[in-house]
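Peer 1: Going by our numbering, the residue at position 47 of the sequence shown is 54; the numbering climbs one at a time, nothing skipped.
Just so you know, even glycine gets a beta-carbon here, dropped at the ideal spot from N, CA and C.
Note that this is a predicted model, so its numbers are computed, not measured.
One structure, pasted below without further comment.
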Amino acid sequence: MNLTKINLIRESFALVLPASGEVGLLFYRNLFTLDPALEPMFPKDLTQQSAKLMQMLAAAVNLLDKLDDLVPVVQQLAKRHVHYGVKPAHYKTVGDALMNTLQQGLGDALSVEAFTAWKEVYALLSETMITAAYPEVEMA
Ligand code: HEM
Numbered sequence: 008m009n010l011t012k013i014n015l016i017r018e019s020f021a022l023v024l025p026a027s028g029e030v031g032l033l034f035y036r037n038l039f040t041l042d043p044a045l046e047p048m049f050p051k052d053l054t055q056q057s058a059k060l061m062q063m064l065a066a067a068v069n070l071l072d073k074l075d076d077l078v079p080v081v082q083q084l085a086k087r088h089v090h091y092g093v094k095p096a097h098y099k100t101v102g103d104a105l106m107n108t109l110q111q112g113l114g115d116a117l118s119v120e121a122f123t124a125w126k127e128v129y130a131l132l133s134e135t136m137i138t139a140a141y142p143e144v145e146m147a
């Protein structure tokens, strides 16, 4: 991931941060619309959950230029997710919900280039997580 893309990610995430409470809740609304079966996996009150997700995304965005530091953090995160009942296929749904949320949250402020860079980041995160937590799954 080159510096131009990292900067696009950082600039767009900085625009989201002031409204991170609402954006986090919008993410879960989008997620449960895409797959209502996921809702019972989460606590009813999503305020804290949403804050944890946004903090983890902020940490990832910060460490995009230090992948050696980021990778072990997301590998551990992925292993915890196995205990939450998360399956490899869920990562695509979460990625789609994330992209929908960024589009809705940022509107025209999300350039095509930034959108593409976010897709790339999520692919990197989710592939790292799936490989760490489900060694038997072959990534495409
Ligand atoms: C890049 C992808 C993801 C990130 C950054 C992320 C982030 C987090 C964080 C920070 C937590 C708090 C607990 C902890 O740190 O272990 C958490 C919990 C959780 N996540 Fe994720 N997650 C991701 C993908 C997923 C996926 C694909 C699912 C599938 C539905 C999922 C479902 C859950 C559930 C069920 C919990 C526990 C809720 C509870 O407290 O009962 N996450 N996630």
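#1: Helix, strand or coil for N9? Go by DSSP, reduced to three states.
#2: Could you say which of E120, K86, P25, A26 lies nearest to T135 if we only look at CA atoms?
#3: Pick out whichever of D42, E46, L10, A58 has its Cα sitting closest to the Cα of A26.
#4: Beta carbon of L33, beta carbon of Q83: below 8 Å?
#5: Below 7 Å CB to CB, which residues in the same chain sit around A139 once its five sequence neighbours on both sides are set aside?
#6: State the DSSP-derived secondary structure class of V30, mapped to helix, strand or coil.
#7: Does S118 pass the burial test, meaning 16 or more other C-beta atoms within 10 Å, or should it be called exposed?
#8: Closer than 7 Å by C-beta to Y141: which residues in its own chain qualify, once you throw out the five before and the five after it? Chain order, please.
#9: Mapping DSSP to helix, strand and coil, what is S118?
#10: Any heavy atom of the ligand NAP closer than 7 Å to the CB of S133?
#11: Thinking just about the alpha-carbon of each residue, which of M146, Y35, E143, E127 is nearest to the one in N9?
Peer 2: The relevant details are as follows:
#1: Counting from one through the sequence shown, the residue named residue 9 turns up at place 2. In this structure, N9 counts as coil in the three-state DSSP scheme.
#2: The sequence position of residue 135 within the sequence shown is 128, counting from 1. For the residues E120, K86, P25, A26, the minimum Cα distance to T135 belongs to K86.
#3: Indexing the sequence shown from 1 puts residue 26 at position 19. Checking every option, the nearest Cα to that of A26 belongs to A58.
#4: In the sequence shown, residue 33 corresponds to position 26, counting from 1. In the sequence shown, residue 83 corresponds to position 76, counting from 1. No; because the gap between Cβ atoms is not below 8 Å, this pair is not in contact.
#5: Locating residue 139 in the sequence shown gives position 132, where the first residue counts as 1. So the list reads Q82, A85, K86, once near-sequence residues are dropped.
#6: Here residue 30 refers to the residue found at position 23 when the sequence shown is read from its first residue. V30: helix per DSSP, three-state reduction.
#7: Mapped onto the sequence shown, residue 118 falls at position 111. Classification for S118: exposed.
#8: Counting from one through the sequence shown, the residue named residue 141 turns up at place 134. Closer than 7 Å at Cβ, skipping near neighbours: P95.
#9: Taking the first residue of the sequence shown as 1, we reach residue 118 at position 111. It is coil, neither helix nor strand.
#10: Among the ligands modelled here, namely the ligand HEM, the ligand NAP does not occur.
#11: Taking the first residue of the sequence shown as 1, we reach residue 9 at position 2. Cα-wise, what sits closest to N9 is E127.
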